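Following my numbering, the numbering of the sequence shown begins with 15 at its first residue and continues without gaps.
Even glycine gets a Cβ: it sits at the ideal position worked out from N, Cα and C.
All values reported here derive from a predicted model rather than from experimental measurement.
Notes for the one structure printed next.
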Amino acid sequence: MPAADSPIATLLAAHRRGEHVGIYSVCCSHEQVLLAAMQVALRYDTLLLIEATSNQVDQFGGYTGMTPPQFRDYALRLAHAQGFPVERLVLGGDHLGPNAWQKRPADEAMANARDLIAAYVAAGFHKIHLDCSMSCAGDPSPLPDETVAARSADLARIAERTARDAGLPAPVYVIGTEVPVPGGEASLATGIQVTRPEAAARTLEIHRQAFAAPDLAPAWERVIAMVVQPGVDFDHSDVHHYDRSAAAALSDFIEGQPRIVFEAHSTDYQTEPSLHALVRDHFAILKVGPAATFALREALFALAAIEDELLPKGEHLSHLPEVLDRCMLEHPSHWQNHYSGDEQQLRLLRRYALSDRCRYYWGEPRVRDAVEHLVDNLRRHPPTPTLLSQFMPEQYREVVAGRLAPEPDALIQHKVFGRLAEYARACARNQAGARTAFETSAAVALSER
Numbered sequence: 015m016p017a018a019d020s021p022i023a024t025l026l027a028a029h030r031r032g033e034h035v036g037i038y039s040v041c042c043s044h045e046q047v048l049l050a051a052m053q054v055a056l057r058y059d060t061l062l063l064i065e066a067t068s069n070q071v072d073q074f075g076g077y078t079g080m081t082p083p084q085f086r087d088y089a090l091r092l093a094h095a096q097g098f099p100v101e102r103l104v105l106g107g108d109h110l111g112p113n114a115w116q117k118r119p120a121d122e123a124m125a126n127a128r129d130l131i132a133a134y135v136a137a138g139f140h141k142i143h144l145d146c147s148m149s150c151a152g153d154p155s156p157l158p159d160e161t162v163a164a165r166s167a168d169l170a171r172i173a174e175r176t177a178r179d180a181g182l183p184a185p186v187y188v189i190g191t192e193v194p195v196p197g198g199e200a201s202l203a204t205g206i207q208v209t210r211p212e213a214a215a216r217t218l219e220i221h222r223q224a225f226a227a228p229d230l231a232p233a234w235e236r237v238i239a240m241v242v243q244p245g246v247d248f249d250h251s252d253v254h255h256y257d258r259s260a261a262a263a264l265s266d267f268i269e270g271q272p273r274i275v276f277e278a279h280s281t282d283y284q285t286e287p288s289l290h291a292l293v294r295d296h297f298a299i300l301k302v303g304p305a306a307t308f309a310l311r312e313a314l315f316a317l318a319a320i321e322d323e324l325l326p327k328g329e330h331l332s333h334l335p336e337v338l339d340r341c342m343l344e345h346p347s348h349w350q351n352h353y354s355g356d357e358q359q360l361r362l363l364r365r366y367a368l369s370d371r372c373r374y375y376w377g378e379p380r381v382r383d384a385v386e387h388l389v390d391n392l393r394r395h396p397p398t399p400t401l402l403s404q405f406m407p408e409q410y411r412e413v414v415a416g417r418l419a420p421e422p423d424a425l426i427q428h429k430v431f432g433r434l435a436e437y438a439r440a441c442a443r444n445q446a447g448a449r450t451a452f453e454t455s456a457a458v459a460l461s462e463r
């Protein structure tokens, strides 16, 4: 597939022609988030880019237990169930490289990374983020840009060969050396350094040289974006918001480069005006992940509070927040190296941190059972308007207006819908009309499923 035939490349070419258009990437595997994302894409008439992260989905299953073909089939099942047109669904792989095997020697880590890339591409993932920015065991730290580029080119060669052998469209690529930490920073106390234009120029040139081999020349023409740090990030409790003036030189730099746009990671919790500004400033690919599952957690905790108030005494409650916290305490591997503090501080972080490490636990059997129990209880005992007003005021207004059913799944998806809709409005062509439509009937599709 030539770059011009790629739906993402076509969209980004329109951006480079001066259209205020971009694409948002939903980096999540949770069913409720993906269903909400499909409703958002339908409502705003956008492509839906769903990306799986290397530690989430890999050739061994990742923390979701899914391999790339299984994740593809899962996304397609949801699309068919939701009536979402599969031709508007694009799958991507995020942070594909030795990320999950950093503690192993580089040769071993890169061998796994090659298998990872092959598995993703063979499964039909079209947008490939080549991320070799991390040091492996025995590597210098930080890793020299030349090594990052050489390893990325190595993985691109695997991707090209895999797509060709499988008879699949050739992938599009994202490169970069200054890649923010997946899932947010541990702390913003030391501040955020915006990538300097000279560093961005060096990254592009070193990668161009690494892709200079004849067999990689076509792949270089399909490099659509570069990851840089525009000055946006978040840690457990704070958000570093976008400052256009701080990123002005970086935006000016990319205007002089053919074809390439910037991909902005860690845009979670940015204000909607900031998302619009990022797209205007050529950060035309916006990544969102923890903010979507944070909204999911908010919805589930709100429903658990309603359940606690609503159900008759003696009724068996789900106790979802307690079940989730107990599971996190018994299996701390996903948060204990990220959170610090006394017992009360850790409890608050486990539940409410912006980094949302509890997102790793929704698939645990006990937690999944508690969610199902909660949903079942509230189907048998529908939330009253007063309790919805207390705990889910945005959803209450939609229910009262007759645009949203007071049904648990619809309430959950509407909460996530609201967060993802900010990204769609920032990226969609018809933004003014889309915003008006959102204000008047955002949840029609959700309530009429």
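Quiz prompt | Straight-line gap, Asp370 to Gln359 (C-alpha atoms, nearest Å) | solution = 14 Å
Quiz item: At what residue ranges does the segment 154-216 contain a whole run of the alpha helix (DSSP H), taking only runs of 4 or more?
Solution: Complete alpha helix (DSSP H) runs here, min 4: 159-180.
Quiz item: Opposite Phe276 in the DSSP bridges: which residues?
Solution: Met240
Quiz item: Ala170 to Ile238, Cα distance in whole Å?
Solution: Here the C-alpha atom of Ala170 lies approximately 13 Å from the C-alpha atom of Ile238.
Self-check item: Whole-angstrom distance between Asp249 and Glu357, CA atom to CA atom
Solution: The straight-line gap separating the alpha-carbon atoms of Glu357 and Asp249 is approximately 19 Å.
Practice problem: Report the three-state DSSP secondary structure of Phe139 (helix, strand or coil). | Solution: coil
Self-check item: Residues that Ala66 bridges to, as DSSP identifies them
Solution: Gly107
Quiz item: Between Ile6 and Ile220, is the Cβ-Cβ spacing less than 8 Å?
Solution: Given a span of 15 to 463 for the chain in the structure shown, any question on residue 6 remains unanswerable.
Quiz item: Ends of the alpha helix (DSSP H) at Leu300?
Solution: Premise fails: Leu300 lies in the beta strand (DSSP E), 299-302, not in any alpha helix (DSSP H).
Practice problem: Only counting runs of 4 or more residues, tell me where the alpha helix (DSSP H) segments fall wholly within the segment 313-384, in order along the chain. | Solution: 334-344, 357-366
Quiz item: Excluding the five sequence neighbours on either side, which residues of its own chain have a C-beta within less than 8 Å of the C-beta of Gln96, listed in chain order?
Solution: Result list for Gln96: Leu49, Met52, Gln53, Arg463, in chain order.
Self-check item: Proximity of Arg30 and Arg273 at Cβ, strictly below 8 Å
Solution: Less than 8 Å separates the beta-carbon of Arg30 from that of Arg273.
Quiz item: Tell me which same chain residues have a C-beta within less than 6 Å of the C-beta of Ala27, skipping the five on either side of it?
Solution: none
Quiz item: Run through DSSP, which three-state label would Arg43 get?
Solution: According to the sequence displayed, residue 43 carries Ser and not Arg. It is coil, neither helix nor strand.
Quiz item: If you check the beta carbons only, do His255 and Thr285 fall under 8 Å apart?
Solution: yes
Self-check item: Start and end residues, alpha helix (DSSP H) containing Cys441
Solution: 422-441
Quiz item: How many angstroms separate the CA atom of Met342 from the CA atom of Trp234?
Solution: 43 Å
Quiz item: What is the DSSP secondary structure of Pro112, reduced to helix, strand or coil?
Solution: coil
Quiz item: Nearest to Ala424 by alpha carbon, out of Arg86, Ala440, Gln409?
Solution: Gln409
Quiz item: Val337 and Val381 look like a contact to me (Cβ under 8 Å); what is the Cβ gap, rounded to whole Å?
Solution: 6 Å
Quiz item: Hey, how far is the Cα of Gly75 from the Cα of Gly190?
Solution: So the two alpha carbons sit approximately 26 Å from each other.
Exercise. In angstroms with no decimal places, state the Cα-to-Cα distance between Glu199 and Val414.
Key: Residue placement at Glu199 cannot be trusted, given a pLDDT of 49 that sits under 50; the coordinates are not used to answer.
Quiz prompt | Selection from Val104, Val246, Ala260 that minimises the alpha carbon distance to Ser20 | solution = Val104
Exercise. Reducing DSSP to helix, strand and coil, say where Ala263 ends up.
Key: DSSP, read as helix, strand or coil, puts Ala263 in helix.
Quiz item: Ordered along the chain, which non-local residues of its own chain (more than five positions away) have a Cβ less than 7 Å from that of Tyr374?
Solution: Tyr77, His348
Quiz item: Would you report the Cα separation of Ile426 and Ala316, rounded to the nearest angstrom?
Solution: 9 Å
Exercise. Grab the span of the alpha helix (DSSP H) containing Tyr410 for me, first residue to last.
Key: 407-414
Self-check item: C-alpha distance - Asp145 paired with His345, whole-angstrom precision
Solution: 28 Å
Self-check item: alpha helix (DSSP H) segment containing Phe509, residue limits
Solution: Residue 509 lies beyond the range of the chain shown here (15 to 463); nothing can be said about it.
Self-check item: 7 Å Cβ shell around Ala137 - same chain, five flanking residues per side excluded
Solution: Pro82, Pro83, Arg86
Self-check item: Arg294 - containing alpha helix (DSSP H), residue span
Solution: Segment 286-294, the alpha helix (DSSP H) holding Arg294.
Exercise. Using only alpha-carbon positions, find the residue among Ala263, Arg236, Ala227 that is nearest to Val242.
Key: When each option's Cα is compared against that of Val242, the closest is Ala263.
Practice problem: Compare the beta carbon distance of Arg289 and Glu436 with 8 Å and say whether it is the shorter of the two. | Solution: A small fix is needed here, since residue 289 is Leu in this sequence, not Arg. Yes, Cβ-Cβ distance for Leu289 and Glu436 is below 8 Å.
Quiz item: Assuming Ile142 contacts Pro185 under a Cβ cut-off of 8 Å, what Cβ separation, rounded to an integer in Å, is found between them?
Solution: 5 Å
Quiz item: Quick one, which of Pro399, Met240, Arg128, Ala55 has its alpha-carbon nearest Glu323's?
Solution: Pro399
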